[in-house]
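S.K.:
There are 2 protein chains.
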Amino acid sequence: MSHTIAIDCMGGDHGPSVTVPAALAFLRAHPNARVILVGQDALLRPMLPSSSDLSERCRIQHASEVVAMDEGPALALRNKKDSSMRVAANLVKDGEAQACVSAGNTGALMAISRFVLKMLPGIDRPAICPILPTMTGHVHMLDLGANVDCTAEHLQQFAIMGSILASAVDHLERPRVGLLNIGEEDIKGNEVVKAAAVLLRQTGLNFVGNVEGDGIYKGHADVVVCDGFVGNVALKSSEGVAQMMATALKQEFKRNIFTKLAALAAMPVLKNFKHRLDHRRYNGASLLGLRGVAVKSHGSADAYAFEQAIARAYEAAANGVPERIGAKLAELHAQPLVAEEGV
Amino acid sequence: MSHTIAIDCMGGDHGPSVTVPAALAFLRAHPNARVILVGQDALLRPMLPSSSDLSERCRIQHASEVVAMDEGPALALRNKKDSSMRVAANLVKDGEAQACVSAGNTGALMAISRFVLKMLPGIDRPAICPILPTMTGHVHMLDLGANVDCTAEHLQQFAIMGSILASAVDHLERPRVGLLNIGEEDIKGNEVVKAAAVLLRQTGLNFVGNVEGDGIYKGHADVVVCDGFVGNVALKSSEGVAQMMATALKQEFKRNIFTKLAALAAMPVLKNFKHRLDHRRYNGASLLGLRGVAVKSHGSADAYAFEQAIARAYEAAANGVPERIGAKLAELHAQPLVAEEGV
Numbered sequence: 001m002s003h004t005i006a007i008d009c010m011g012g013d014h015g016p017s018v019t020v021p022a023a024l025a026f027l028r029a030h031p032n033a034r035v036i037l038v039g040q041d042a043l044l045r046p047m048l049p050s051s052s053d054l055s056e057r058c059r060i061q062h063a064s065e066v067v068a069m070d071e072g073p074a075l076a077l078r079n080k081k082d083s084s085m086r087v088a089a090n091l092v093k094d095g096e097a098q099a100c101v102s103a104g105n106t107g108a109l110m111a112i113s114r115f116v117l118k119m120l121p122g123i124d125r126p127a128i129c130p131i132l133p134t135m136t137g138h139v140h141m142l143d144l145g146a147n148v149d150c151t152a153e154h155l156q157q158f159a160i161m162g163s164i165l166a167s168a169v170d171h172l173e174r175p176r177v178g179l180l181n182i183g184e185e186d187i188k189g190n191e192v193v194k195a196a197a198v199l200l201r202q203t204g205l206n207f208v209g210n211v212e213g214d215g216i217y218k219g220h221a222d223v224v225v226c227d228g229f230v231g232n233v234a235l236k237s238s239e240g241v242a243q244m245m246a247t248a249l250k251q252e253f254k255r256n257i258f259t260k261l262a263a264l265a266a267m268p269v270l271k272n273f274k275h276r277l278d279h280r281r282y283n284g285a286s287l288l289g290l291r292g293v294a295v296k297s298h299g300s301a302d303a304y305a306f307e308q309a310i311a312r313a314y315e316a317a318a319n320g321v322p323e324r325i326g327a328k329l330a331e332l333h334a335q336p337l338v339a340e341e342g343v
Numbered sequence: 344m345s346h347t348i349a350i351d352c353m354g355g356d357h358g359p360s361v362t363v364p365a366a367l368a369f370l371r372a373h374p375n376a377r378v379i380l381v382g383q384d385a386l387l388r389p390m391l392p393s394s395s396d397l398s399e400r401c402r403i404q405h406a407s408e409v410v411a412m413d414e415g416p417a418l419a420l421r422n423k424k425d426s427s428m429r430v431a432a433n434l435v436k437d438g439e440a441q442a443c444v445s446a447g448n449t450g451a452l453m454a455i456s457r458f459v460l461k462m463l464p465g466i467d468r469p470a471i472c473p474i475l476p477t478m479t480g481h482v483h484m485l486d487l488g489a490n491v492d493c494t495a496e497h498l499q500q501f502a503i504m505g506s507i508l509a510s511a512v513d514h515l516e517r518p519r520v521g522l523l524n525i526g527e528e529d530i531k532g533n534e535v536v537k538a539a540a541v542l543l544r545q546t547g548l549n550f551v552g553n554v555e556g557d558g559i560y561k562g563h564a565d566v567v568v569c570d571g572f573v574g575n576v577a578l579k580s581s582e583g584v585a586q587m588m589a590t591a592l593k594q595e596f597k598r599n600i601f602t603k604l605a606a607l608a609a610m611p612v613l614k615n616f617k618h619r620l621d622h623r624r625y626n627g628a629s630l631l632g633l634r635g636v637a638v639k640s641h642g643s644a645d646a647y648a649f650e651q652a653i654a655r656a657y658e659a660a661a662n663g664v665p666e667r668i669g670a671k672l673a674e675l676h677a678q679p680l681v682a683e684e685g686v
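Going down the list, the sequences are from chains A and B.
The opening residue of the first sequence carries number 1 in our numbering; numbering runs sequentially from there.
The opening residue of the second sequence carries number 344 in our numbering; numbering runs sequentially from there.
Okay, here's the thing in structure tokens:
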């Protein structure tokens, strides 16, 4: 079956110069996929491919406005009804596309997708779920900043949504779900996390218990659950360390003529190293809990990175992630858990 | 003036084989310092230095028991009155030493130092404050796991204690104090962090506002304040990423004969890189809020790392950190802040 992705071509730091080439590269790699390029027609039209194979699977949907990167989400929602971001979401709502992708501002994408696509019953707002590299593969981690004051029930919802995402896109039968905590023993953690552990143990997931910060990258779980505050800090701290190490390595290799020669000798190795942990490969965070697929790309993504975000959206749509999450939540509501009364 | 450090020689994964050589190296580097080696006399005696310069500044205090690495803190406190950890803390309480250092189990050290040394008025339990490397130097971060459910007032206390520590040991007049948060704007964060920002703004510190996870390593502040849950996750996530990157780099250089040759060529560079971010240099976390100086070393520390922890304790004692924190807290209690009523 063919799936169509609506792409907000105007969002992000670079706009069409990145998003359109990324969309075409995605089409080349996915022969059954289609895309709708959303944005200013006059800008996008000259960038359309000449090859008939691609042009057949690619059309433009005009949108006259653009949400600025620093625009308030409420204002963007209220005042820009014809923004490329909003039109892309509308295409999903109307069934013309099965997913939308944007590198535009996170708050606006949250607000617009929540308003246009609507939340699944029982979910208040989308959780942001990126993929991170680990020593053994990758991990889905949520929430990464959308929900900062969470209850144990929120963490339970994150666990369900993350587990279904991992199961759908990684084809894992029983993804290992871990709870981000400060020790592996049950008695560790703050009150919310302790209550969440009780809930998770009774949700029918493959709950593997607590995962510590370093356990994220050791591959101790396929899904790591945490509140948005902790998740955001963990992610950005990790990025900070990675940048610091990369910078230090570069500086050491640039120190003098001898170290520069060493760099030349080590170039193929350093290239492999860089590719292996290339954050661009992990670009694209799913907004989970919506009735449709929406994926957020880094604003600074280049074409390669943005293509990964489109592919992520395609995988989620092709594997029916929102439908599966909806079904699981409905099941949970129909059969309230014993634990929900007790906690 | 000469300061004496009481060293729990039995704690940590390696015991005297690491702690005693570290103590002697510390004495060599600090000609005015003295140490008391605390532990089983029969084990320590043969390890004493023969040089009279060192042996004059170094004595053994027998302690018949050892707190195990996995022992419950309450049990260690109740049942092992003659543990090396406890005896070291007693030496500080009795004024025979000005600081104690242990690589033993964190919970037990917290419990014992809190019981023996007592907390400063207004502080409930010690905050754990390590030093982390940054792109521009280093940062003091607290709390790192001792206090998991924090109020805004707790974060205020951490800010005061961290600021005084940084000011004392780094000789900074007005250390920049940042609040770990998920965005730089005031409206960001959870409820506790927002309330803490209001308090911090009125505490007379050099409060530079919110610091994001990556800002820790970019050197955006000299002191970063957070609750123990978030701090622990941030620290361990950082360690996890650093390990993953180091492992990936090693694996790439070991891939085949050509990459091994490249490694040979790059060896001096890789060595400098390793030294620069060597976590051993940052070993030793201060337990702040006590009436005396107690420093916790990593359990797996080698002699070089443990020596850094001893030096850290020495610096804190020589600069009167607990006294200065006590004075500042007393001042704060004497003149309650306007904000404390409003928040």
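Quick reminder that beta carbons are idealized off the backbone N, C-alpha and C, glycines included.
#1: For the beta strand (DSSP E) containing A246(A), list its first residue and its last residue.
#2: What would DSSP say about D186(A), mapped onto helix, strand or coil?
#3: Measure the alpha-carbon distance for M462(B) versus Q383(B) and round it to whole angstroms.
#4: Closer than 7 Å by C-beta to F207(A): which residues in its own chain qualify, once you throw out the five before and the five after it? Chain order, please.
#5: Taking V535(B) and T494(B) to be in contact with their CB atoms under 8 Å, please state how far apart those CB atoms are, rounded to whole angstroms.
#6: Using the DSSP secondary-structure output, state which residues sit across from G351(A) in a beta bridge.
#7: For M85(A), which residues in the same chain have their Cβ closer than 7 Å to its Cβ, ignoring the five residues on either side in sequence?
#8: DSSP on R34(A), reduced to helix/strand/coil?
#9: Taking Cβ positions only, does V541(B) come closer than 8 Å to chain A?
#10: DSSP beta-bridge partners for I348(B)?
#11: From the DSSP output, read off the bridge partner residues of L179(A).
#12: Select from the segment 550-562 of chain B all residues with a C-beta closer than 9 Å to any C-beta belonging to chain A, and list them in chain order.
#13: Looking only at its own chain, which residues have a Cβ that is under 8 Å from the Cβ of G219(A), when we skip the five neighbours before and after it?
#14: Which of the three DSSP states, helix, strand or coil, is assigned to M10(A)?
#15: Kindly list the residues whose CB is nearer than 6 Å to the CB of L485(B), restricted to its own chain and excluding five residues on each side of it in sequence; keep chain order.
#16: So if DSSP puts P687(B) in a beta bridge, which residue, or which two residues, is it bridged to?
#17: Using only the alpha-carbon positions, how far apart do V567(B) and A489(B) sit?
#18: Please state whether DSSP places A637(B) in a helix, a strand or coil.
#19: Within a Cβ cutoff of 7 Å, which residues of the same chain sit near P416(B), ignoring the five residues on either side of it in sequence?
#20: What does the alpha-carbon distance come out to for the pair E341(A) and A195(A)?
#21: Between M587(B) and chain A, is any beta-carbon pair separated by less than 8 Å?
#22: Alpha carbon to alpha carbon, how far is H622(B) from I653(B)?
#23: Consult DSSP for I471(B) and reduce its assignment to one of helix, strand or coil.
#24: Please list the partners that R276(A) has in chain B, where partner means a Cβ-to-Cβ separation under 8 Å.
#25: In this structure, does DSSP put M610(B) in helix, strand or coil?
#26: Which stretch, first to last residue, makes up the beta strand (DSSP E) that contains A285(A)?
#27: For H373(B), I'd like the list of residues in its chain whose CB is within less than 8 Å of its CB, leaving aside the five on either flank, ordered along the chain.
#28: By the 8 Å beta-carbon criterion, what residues does the segment 147-172 of chain A contribute toward chain B?
#29: Within a Cβ cutoff of 7 Å, which residues of the same chain sit near D529(B), ignoring the five residues on either side of it in sequence?
#30: Could you run through the segment 571-586 of chain B and flag, in chain order, every residue whose CB is less than 8 Å away from some CB of chain A?
#31: Would you decide whether R45(A) is buried or exposed? Buried here means 16 or more other CB atoms lie within 10 Å of its CB.
#32: With three or more C-beta pairs closer than 8 Å as the rule, is the segment 583-598 of chain B touching the segment 509-516 of chain B?
#33: What's the call for H333(A), buried or exposed, on a 16-neighbour Cβ count within 10 Å?
#34: Taking just the CA atoms, how far does L620(B) sit from L391(B)?
#35: Identify whether M47(A) lies in helix, strand or coil by the three-state DSSP scheme.
#36: In its own chain, which residues sit with a C-beta less than 7 Å from the C-beta of K80(A), not counting the 5 before and 5 after it?
M.R.: The short version:
#1: It is not in any beta strand (DSSP E) - A246(A) instead sits in the alpha helix (DSSP H) that spans G228 to F253.
#2: coil
#3: 29 Å
#4: Listed in chain order, the non-local C-beta contacts of F207(A) below 7 Å within the same chain comprise V177, L200 and R201, local neighbours out to five positions each way being set aside.
#5: 7 Å
#6: Outside the shown range of chain A (1 to 343) lies residue 351(A), about which nothing can therefore be said.
#7: D8, G11, V67, S102, G104, A108, L109 and I112.
#8: If DSSP states are grouped into helix, strand and coil, R34(A) belongs with the strands.
#9: no
#10: V378(B) and A442(B)
#11: N210(A) and V225(A)
#12: E555, G556, D557, G558, I559, Y560 and K561
#13: T134, M135, T136, G137 and V139
#14: DSSP places M10(A) outside both helix and strand once states are collapsed to three, so it counts as coil.
#15: A470, C472, F501 and G505.
#16: Nothing about residue 687(B) can be reported from this structure: the residues present for chain B run from 344 to 686 only.
#17: 15 Å
#18: strand
#19: G450, A451, M453 and A454
#20: Annotation note: pLDDT 42 at E341(A) (below 50); position unreliable, no value reported.
#21: yes
#22: If I take the Cα positions, the gap works out to 15 Å.
#23: strand
#24: A591 and E595
#25: Residue state, collapsed to three classes: helix.
#26: A285 to L288
#27: Setting aside the 5 residues that flank it on each side, H373(B) is surrounded in the same chain by A654 and Y657, each with a C-beta closer than 8 Å to its C-beta; the list follows chain order.
#28: Residues V148 and D149.
#29: A540
#30: Across the segment 571-586 of chain B, CB contacts with chain A closer than 8 Å involve G571, F572, V573, N575, V576, A577, L578, K579, S580, S581, E582, G583, V584, A585 and Q586, in sequence order along the chain.
#31: By the neighbour-count rule (16 or more Cβ atoms within 10 Å), R45(A) is not buried but exposed.
#32: no
#33: By the neighbour-count rule (16 or more Cβ atoms within 10 Å), H333(A) is not buried but exposed.
#34: If you take the alpha carbons of L391(B) and L620(B), they lie about 32 Å apart.
#35: M47(A) falls in the helix class under three-state DSSP.
#36: E65, V67 and R86
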